[in-house]
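Visitor:
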Amino acid sequence: MDSLFEYRKCPNCGQDDFEVLFGSDMKTDDFNVLFDYMMEGRDSQEGVEGYLVPGKEWGRHVKCRNCHLIYMNPVEKVSKTNEYYFKAKNTHAPTIRESYLKTAESQLHLIQKYATGKNLLDVGCAQGFFLYNASRGGYTTKGIEISQDAAEYGIREFDLDIEAKPFEELRFPENHFDVVTLWQVLEHVPYPLTVLKEVHRILKPQGLLAVSTPNIEGIPARILRRKWWDIKRLHINQFSTRTLGDILQNAGFRNTSSVSYRGFVSLSILLTMMLKYLNIYEPLKALFNADSIIGKVLNKIMLIYPSSLNHCVVLGFK
Numbered sequence: 003m004d005s006l007f008e009y010r011k012c013p014n015c016g017q018d019d020f021e022v023l024f025g026s027d028m029k030t031d032d033f034n035v036l037f038d039y040m041m042e043g044r045d046s047q048e049g050v051e052g053y054l055v056p057g058k059e060w061g062r063h064v065k066c067r068n069c070h071l072i073y074m075n076p077v078e079k080v081s082k083t084n085e086y087y088f089k090a091k092n093t094h095a096p097t098i099r100e101s102y103l104k105t106a107e108s109q110l111h112l113i114q115k116y117a118t119g120k121n122l123l124d125v126g127c128a129q130g131f132f133l134y135n136a137s138r139g140g141y142t143t144k145g146i147e148i149s150q151d152a153a154e155y156g157i158r159e160f161d162l163d164i165e166a167k168p169f170e171e172l173r174f175p176e177n178h179f180d181v182v183t184l185w186q187v188l189e190h191v192p193y194p195l196t197v198l199k200e201v202h203r204i205l206k207p208q209g210l211l212a213v214s215t216p217n218i219e220g221i222p223a224r225i226l227r228r229k230w231w232d233i234k235r236l237h238i239n240q241f242s243t244r245t246l247g248d249i250l251q252n253a254g255f256r257n258t259s260s261v262s263y264r265g266f267v268s269l270s271i272l273l274t275m276m277l278k279y280l281n282i283y284e285p286l287k288a289l290f291n292a293d294s295i296i297g298k299v300l301n302k303i304m305l306i307y308p309s310s311l312n313h314c315v316v317l318g319f320k
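So the sequence shown is numbered by our numbering: it starts at 3 and just counts up by one.
Spelled out as structure tokens, the structure:
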């Protein structure tokens with residue numbers, strides 16, 4: 003097997019018994035070309051589609067016969083993906099800013115409903131949109147983000163406390179945080195159970211964990227199947243509400259429950275995804291620049307949807 007990849011057992015139950023749902027059309031060279039362009043802040047070159055392009059089937063997807071988790075196997079080695087994430091350029095923040103800040107407000111309302119303390123850690127905080135809202139809401143916040151460029155954006159724009167390191171390299175005190183959030187993180191990590199067990203360790207007793215991921219059993223995924231926009235080269239785990247709840251329980255969390263919040267997507271993001279999907283974005287991309295008049299208008303027009311339409315959102319307590 004190529005040295006770029008590693009084979010893994012089910013990242014939830016540890017069994018090695020699966021059925022193949024669909025294979026990979028990805029060549030080894032795709033990794034290097036794709037991430038060279040991610041680091042430069044571009045999406046594609048010579049037909050190699052980038053991370054924000056929907057509906058691309060990258061790695062082989064399998065389904066565990068024991069716990070039913072769907073995951074990519076094999077996966078690229080952690081050391082390589084961490085290097086890519088660390089160096090990736092943050093070029094989309096101006097486009098996503100308005101809609102992500104609005105979504106973060108809704109996420110914060112969810113946290114305020116269930117959490118009792120104010121010491122909050124956001125793992126995989128990206129540009130810090132949720133952290134910013136949490137800090138304004140009276141929380142003492144800490145962010146972890148592997149992308150140095152995204153972390154620097156949050157520090158610069160919102161004056162946030164963010165460390166640009168992989169979560170597994172940090173060692174927080176036991177029973178330290180009241181709340182830990184992982185918004186759209188677990189689909190990216192090769193060993194999510196290990197991450198969740200560490201989160202359990204650093205949470206205080208009765209502390210709250212909030213997790214969201216794309217939902218492989220959601221309506222868009224059921225309709226589009228392999229063309230679903232969350233079948234991406236960097237999404238190596240595909241959870242359903244059931245399997246996400248299962249892995250939280252396996253990590254020691256109790257009273258797990260499925261919840262929902264209001265998501266917001268700007269017309270700019272929606273049109274960009276559609277045009278990329280149709281391969282006609284490049285000639286029109288200047289229209290969607292966040293600094294252009296049209297771009298500013300499109301970024302202000304928001305569509306509201308329930309997170310349950312496309313995402314799993316599960317809470318658990320220590």
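C-beta: ideal position from N, C-alpha, C; glycine also. Since the structure is predicted, the reported quantities are computational estimates derived from the model, not experimental observations.
If I'm right that Ala-95 touches Tyr-155 with Cβ under 8 Å, what's the distance once you round it to whole angstroms?
Guide: Contact holds; Cβ gap of about 5 Å.
Visitor: Output the residue ranges of the alpha helix (DSSP H) runs that lie fully inside the stretch 83-120 and measure 4 residues or longer, sorted by chain position.
Guide: Correct list: 95-116.
Visitor: According to the neighbour-count rule (16 or more other Cβ atoms, all chains shown, within 10 Å of its Cβ), is Lys-144 buried or exposed?
Guide: Answer is buried; the Cβ neighbour count reaches 16.
Visitor: Between the beta-carbon of Glu-170 and the beta-carbon of Thr-196, is there less than 9 Å?
Guide: Yes, Cβ-Cβ distance for Glu-170 and Thr-196 is below 9 Å.
Visitor: Would you decide whether Pro-285 is buried or exposed? Buried here means 16 or more other CB atoms lie within 10 Å of its CB.
Guide: Counting Cβ neighbours within 10 Å, Pro-285 comes out exposed, since fewer than 16 surround it.
Visitor: Identify, in the order they occur along the chain, each residue of the same chain with its Cβ nearer than 8 Å to the Cβ of Asn-68, setting aside the five sequence neighbours on each side.
Guide: For Asn-68, where only same-chain residues beyond five positions count, the Cβ hits under 8 Å are Cys-12, Cys-15, Gln-17 and Asp-19.
Visitor: Sort out for me which residues DSSP pairs Asn-239 with in a bridge.
Guide: Answer is Tyr-73.
Visitor: Please say whether Leu-198 and Ala-253 have beta carbons closer to each other than 9 Å?
Guide: In contact: Ala-253 and Leu-198 (Cβ atoms closer than 9 Å).
Visitor: Measuring CB to CB, does Val-187 end up less than 9 Å from Thr-215?
Guide: Cβ distance < 9 Å, so Val-187 and Thr-215 count as in contact.
Visitor: In chain order, what residues of the same chain lie with their CB nearer than 6 Å to the CB of Phe-160, ignoring the 5 residues before and after it?
Guide: For Phe-160, where only same-chain residues beyond five positions count, the Cβ hits under 6 Å are Gly-130 and Tyr-134.
Visitor: Give me, in chain order, the residues of the same chain whose beta-carbon lies closer than 8 Å to that of Leu-23; leave out the 5 immediate sequence neighbours on both sides.
Guide: Correct list, in chain order: His-63, Val-64, Lys-65 and Ile-72.
Visitor: Is it buried or exposed for Tyr-39, if we count other Cβ within 10 angstroms and need 16 for buried?
Guide: Confidence in Tyr-39 is poor, its pLDDT being 42 and thus under 50, which makes the residue's placement unreliable; the coordinate value appears in the next sentence. Burial call: buried.
Visitor: If I measure Cβ to Cβ from Asp-232 and keep anything under 6 Å in the same chain, skipping five residues before and after, which residues do I get?
Guide: Contacts found: Pro-216.
Visitor: Just the Cα atoms here: how many angstroms apart are Ala-117 and Ile-221?
Guide: Rounded to the nearest angstrom, the two C-alpha atoms are 30 Å apart.
Visitor: Can you say whether Leu-305 is buried or exposed, counting buried as having 16 or more other CB atoms within 10 angstroms of its CB?
Guide: By the neighbour-count rule (16 or more Cβ atoms within 10 Å), Leu-305 is not buried but exposed.
Visitor: Alpha carbon to alpha carbon, what distance is there between Arg-256 and Tyr-283?
Guide: Distance between the alpha carbons of Tyr-283 and Arg-256 is about 46 Å.
Visitor: In this structure, how does DSSP classify Met-40 when only helix, strand and coil are distinguished?
Guide: Here the model assigns Met-40 a pLDDT of 43, short of 50, so the residue's position is not dependable and the matter cannot be decided.
Visitor: Less than 9 Å separating the beta-carbons of Leu-206 and Lys-79?
Guide: Note that residue 206 is Lys in the sequence shown here, rather than Leu. Result no, Cβ atoms of Lys-206 and Lys-79 do not sit closer than 9 Å.
Visitor: Please classify Lys-234: is it buried, with 16 or more other beta-carbons within 10 angstroms of its beta-carbon, or exposed?
Guide: Result: buried.
Visitor: Taking the CB atoms as reference points, tell me whether Leu-300 and Leu-273 lie closer together than 9 Å.
Guide: Result yes, Cβ atoms of Leu-300 and Leu-273 sit closer than 9 Å.
Visitor: Return the CA-CA distance between Pro-308 and Leu-162, expressed in angstroms with no decimal places.
Guide: If you take the alpha carbons of Pro-308 and Leu-162, they lie about 28 Å apart.
Visitor: Helix or strand or just coil, what does DSSP make of Leu-6?
Guide: Leu-6 falls in the coil class under three-state DSSP.
Visitor: Would you give the residue range spanned by the alpha helix (DSSP H) that Tyr-307 belongs to?
Guide: Not the alpha helix (DSSP H): Tyr-307 falls in the beta strand (DSSP E), residues 304-308.
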